[in-house]
Amino acid sequence: MKITYGEIYEIVGRIPRRRVATYGQIAELAGIPGQPRRIGYALSALPGDSNIPWHRVINAQGKISARSGSGPDMLQRRLLKQEGIEFDALGRIDLSRFQWRPR
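Add 252 to a position in the sequence shown, counting from 1, and you land on the number used in the numbering used here.
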């Protein structure tokens with residue numbers, strides 16, 4: 253199935269404050285199950301001034317995915333904490349508490 257970055261951004265844009273979604277979850281919602289990396293590629297292509305809440309997308313372990321350099325990781329963590337998302341001592345987010353459950 254051909255899915256555009258714009259369609260992925262529309263789904264990510266629906267994640268409410270104080271909630272997170274996994275790359276795999278977004279892939280499922282976009283109709284491309286099993287392709288979470290495509291979500292990562294789309295989010296990495298966002299322009300710096302985008303209002304898409306890219307920071308609300310995390311990996312299936314409830315962690316921020318590592319990137320080259322620590323700048324984006326630290327920014328993502330800071331943005332999530334500003335929204336009230338909590339991390340445990342190992343840097344994980346409790347998905348049972350904070351994961352977005354669209355209806």
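For each residue, glycine too, the CB sits at the ideal point set by N, CA and C.
Within 10 angstroms of the beta-carbon of residue 293 lie fewer than 16 other beta-carbons, which makes it exposed.
Pairing residue 312 with residue 271, the inter-Cα distance amounts to about 14 Å.
A distance of 7 Å or more separates the beta carbons of residue 282 and residue 316. For residue 351, DSSP records a beta bridge to 272. The beta-bridge partner set that DSSP reports for residue 310 consists of 274.
Assignment of residue 325 by DSSP, reduced to helix, strand and coil, places it in the helix class. With a cutoff of 7 Å on beta-carbon distance, residue 352 and residue 284 are scored as not near each other. Between residue 279 and residue 306, the alpha-carbon positions lie close to 14 Å from each other.
Rounded to whole angstroms, residue 259 and residue 327 show a C-alpha spacing of 24 Å. Taking a 10 Å sphere around the C-beta of residue 288, we find 16 or more other C-beta atoms and assign the residue as buried. DSSP places residue 285 in the coil class of the three-state scheme, outside both helix and strand.
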